[in-house]
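Asker: Under UniProt numbering, the letters of the sequence shown match residues 1 to 131, in that order.
All residues carry an ideal CB built from backbone N, CA and C; glycine is no exception.
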Amino acid sequence: MELRDAIDAARAVSRQAYAPYSGFRVGAAIVTEGGALYDGCNVENASFGLSICAERGAVMKMIADAPPDDHGIRLVAVVSPNTAPCFPCGACRQVLREFGCEEVVVLDAEGNPRRYPFEEILPNSFGPEAL
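#1: Tell me which residues share the same chain as Asp70 and place their Cβ nearer than 7 Å to its Cβ, disregarding the 5 neighbours each side in the sequence.
#2: Can you check which of these residues, Ser47, Glu119, Cys92 and Ser80, is closest to Phe24 by C-alpha distance?
#3: Between the alpha carbons of Asp65 and Asn124, how many angstroms are there, rounded?
#4: Would you give the residue range spanned by the alpha helix (DSSP H) that Arg11 belongs to?
#5: Short check: CB of Val43 to CB of Tyr18, under 9 Å?
#6: Apart from the five residues just before and just after Val105, which ones in its own chain have a Cβ nearer than 8 Å to its Cβ?
#7: Any chance you could list the alpha helix (DSSP H) runs of at least 4 consecutive residues sitting entirely within the region 102–127, in chain order?
#8: In angstroms, rounded to a whole number, what distance separates the CA positions of Pro85 and Gly57?
#9: Looking at Ala54 and Ala28, is the spacing between their C-beta atoms short of 9 Å?
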């Protein structure tokens, strides 16, 4: 049930994306280790480098709203009505890695969920334990 909930939340929040420059809308939904769900959408800026991706928006929402002991990410679902599959960018992968993301779920061209262990999309990653 939580996978379907995350996909539905990501799809719904993608409609809220602020993408006046690219028209590329993305929604993401995180499920924490404790089972809570946090969503986010991309927000573009005229100064493109200041744009925020959906995945990082969802992480910021999780940090702001979740109890400190529930910051572990069980999975993230990423949905875009513009393209499928829509994988997190490199910066988002690194931010998700910070919180121990275990799984990334994207939709294929037919709308079916495709599940990837996080290590598969960011192999040999750098994380807090390396410091």
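Answerer: On the basis of the coordinates in this document:
#1: Thr32, Glu33, Gly34 and Ala36
#2: Ser80
#3: Between the alpha carbons of Asp65 and Asn124 lies a gap of roughly 30 Å.
#4: Taken as a continuous stretch (DSSP letters only), the alpha helix (DSSP H) holding Arg11 covers Glu2 to Ser14.
#5: If you check the CB distance, Val43 and Tyr18 come in under 9 Å.
#6: Leu3, Ala6, Ile7, Leu75, Val76, Ala77, Val78, Pro113, Arg114, Arg115 and Tyr116
#7: Runs of alpha helix (DSSP H) with 4 or more residues, each lying fully within the region 102–127, are found at 118–121, listed in chain order.
#8: 19 Å
#9: yes
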